[in-house]
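Right, one structure below, let's go through it.
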Amino acid sequence: LPNGLSPAYRQLNCDDPETEQAALLAVDYINSHIHQGYKHVLNQIDKVQVWAQPTGESFKLEIDTLETTCHALDPTPLANCSVRQLTQHAVEGDCDVRLLKQNGQFSVSFVKCKSSPDSAEDVRKVCLDCPLLAPLNDTRVVHAVEAALAAFNAQNNGSYFQLVEISRAQLVPLPVSVHVEFAVAATDCVAKEVIDPAKCNLLAEKQYGFCKATLTEKVGGEDVAVTCTVFQTQPVVPLPQPDGPDVGVPGPVADAATPEPSPADLPVASLVVGPVVV
Amino acid sequence: KVAHPNTAAAAGPVVRPCPGRIRYFKI
Numbered sequence: 193l194p195n196g197l198s199p200a201y202r203q204l205n206c207d208d209p210e211t212e213q214a215a216l217l218a219v220d221y222i223n224s225h226i227h228q229g230y231k232h233v234l235n236q237i238d239k240v241q242v243w244a245q246p247t248g249e250s251f252k253l254e255i256d257t258l259e260t261t262c263h264a265l266d267p268t269p270l271a272n273c274s275v276r277q278l279t280q281h282a283v284e285g286d287c288d289v290r291l292l293k294q295n296g297q298f299s300v301s302f303v304k305c306k307s308s309p310d311s312a313e314d315v316r317k318v319c320l321d322c323p324l325l326a327p328l329n330d331t332r333v334v335h336a337v338e339a340a341l342a343a344f345n346a347q348n349n350g351s352y353f354q355l356v357e358i359s360r361a362q363l364v365p366l367p368v369s370v371h372v373e374f375a376v377a378a379t380d381c382v383a384k385e386v387i388d389p390a391k392c393n394l395l396a397e398k399q400y401g402f403c404k405a406t407l408t409e410k411v412g413g414e415d416v417a418v419t420c421t422v423f424q425t426q427p428v429v430p431l432p433q434p435d436g437p438d439v440g441v442p443g444p445v446a447d448a449a450t451p452e453p454s455p456a457d458l459p460v461a462s463l464v465v466g467p468v469v470v
Numbered sequence: 786k787v788a789h790p791n792t793a794a795a796a797g798p799v800v801r802p803c804p805g806r807i808r809y810f811k812i
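In order, the protein sequences belong to chains E and H.
The numbers in the working numbering rise by one with no breaks, and the one at position 175 of the first sequence is 367.
The numbers in the working numbering rise by one with no breaks, and the one at position 18 of the second sequence is 803.
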């Protein structure tokens, strides 16, 4: 810009259709670039600034999102994903987004998000008995996931599935139990024939799954019930380039292999395995 | 016709540009 001139600024309302279009595109972009945790939906647009650029306009947005029940690897379209309710201990995301609008087309140039669960006090306000989110590295959580995955593989006639990440966990007081959700991926081993799981490798054409399980403590033992949904295989795609936009809705981190990116518009899950109840 | 400039301004809808509407719930 010439000295003494400030860039042209355009006032836009947060609920303006143009702002919403930009925000929804940003949310789609986020969901197609995260590989951990859950997909998010747009909840509120906090702020919008529009500046003139030599080749178009620059949009700077602050948006609030809410976690859905669809895992990031789940190809279900976002419109079909349910928002995680307050009673399930909701999680919100706060994102700073920048987009360019050139020739009427938006493109995302920068995204930075952080996510945080609702406070325990807020959950208690709507439900006294609702279990709160538990740390994913809690020994009871890890044990429940291991038991559930072992139970699933024991009943599975196909590939051996490996843990990708633990995505959610809740400790339930009565009956004493642990509810967990985790992502899995198919390997080149056959589930019934595995001797050393460490020697199994993820398939080149990735096949992910998402499991929900409950491990209930009983006198003299425990029961585990697990249901896994295995998604359609995903074609091999190149890894993201290092100079690409910085994107992420930080979710819970697990000790697992990082999956490769998946296209955002894959067809809905085509295969459901389970429930396997042991 | 009598104009009441003071009251006319107060009677109109207040447009708050930001933040926008909450689609689900606020936490």
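Glycine included, every Cβ here is placed at the ideal spot set by N, Cα and C.
Can you pull the chain H residues whose beta carbon is under 7 Å from the beta carbon of residue i, in chain order?
i, result
"E:C206", "P802, C803, P804, G805"
"E:K317", "Per Cβ cutoff of 7 Å: no residues; E:K317 is ~11 Å from chain H at best."
"E:V240", "C803"
"E:V289", "In chain order: nothing, as chain H lies at least about 14 Å away."
"E:L234", "R808"
"E:V219", "Ordered by position in chain H, no residue passes the 7 Å Cβ test against E:V219, which lies about 11 Å from the chain."
Look up residue i in the DSSP assignment and say whether it is helix, strand or coil.
i, result
"E:V441", "The predicted position of E:V441 is uncertain, since its pLDDT is 46 and thus under 50; no value can be drawn from it."
"E:T268", "coil"
"E:S308", "strand"
"E:S274", "coil"
"H:I812", "coil"
"E:D415", "strand"
"E:A448", "Because the pLDDT of E:A448 is 33, which lies under 50, any placement of that residue in the model is unreliable, and the number read from its coordinates should be weighed accordingly. The answer is coil: DSSP assigns E:A448 none of H, G, I, E or B."
"E:D256", "strand"
"E:L363", "strand"
"E:N205", "coil"
"E:F423", "coil"
"E:T408", "strand"
"E:E249", "strand"
"E:L216", "helix"
Tell me, please, which residues DSSP counts as bridged to residue i.
i, result
"E:S299", "E:L292"
"E:A375", "E:E357, E:F402"
"H:R806", "DSSP lists no partner for H:R806."
"E:Y230", "E:H263"
Comparing alpha-carbon positions, which option in the options lies nearest residue i?
i, options, result
"E:E210", "E:V242, E:H225, E:Q228", "E:V242"
"E:P327", "E:A343, E:P309, E:C273, E:D238", "E:P309"
"E:N181", "E:F251, E:A417, E:Q297, E:H371", "Nothing in the structure corresponds to residue 181 of chain E, since chain E is present only between 193 and 470."
"E:F302", "E:N295, E:L291, E:Q354", "E:L291"
"E:Y400", "E:A312, E:C322, E:L265", "E:L265"
"E:E249", "E:H335, E:Y352, E:N295", "E:N295"
"E:T260", "E:A271, E:K304, E:V372", "E:A271"
"E:A378", "E:V370, E:T425, E:H371, E:T406", "E:T425"
"E:K304", "E:N393, E:P367, E:A218, E:V376", "E:A218"
I want to verify the contact list: residues of chain H whose CB lies under 9 Å from the CB of residue i, in sequence order.
i, result
"E:N223", "What E:N223 touches in chain H: nothing, since even the nearest Cβ is about 16 Å away."
"E:E284", "K811, I812"
"E:D314", "I812"
"E:L253", "Ordered by position in chain H, no residue passes the 9 Å Cβ test against E:L253, which lies about 10 Å from the chain."
"E:L258", "R808, Y809, F810, I812"
If the cut is a Cβ gap below 8 Å, which residues of chain H does residue i touch?
i, result
"E:D310", "I812"
"E:V275", "Y809"
Check your understanding: Using 8 Å as the Cβ pair cut-off and three pairs as the minimum, do the segment 372–387 of chain E and the segment 334–351 of chain E touch?
Key -> In this structure the segment 372–387 of chain E touches the segment 334–351 of chain E; the number of beta carbon pairs closer than 8 Å is three or more.
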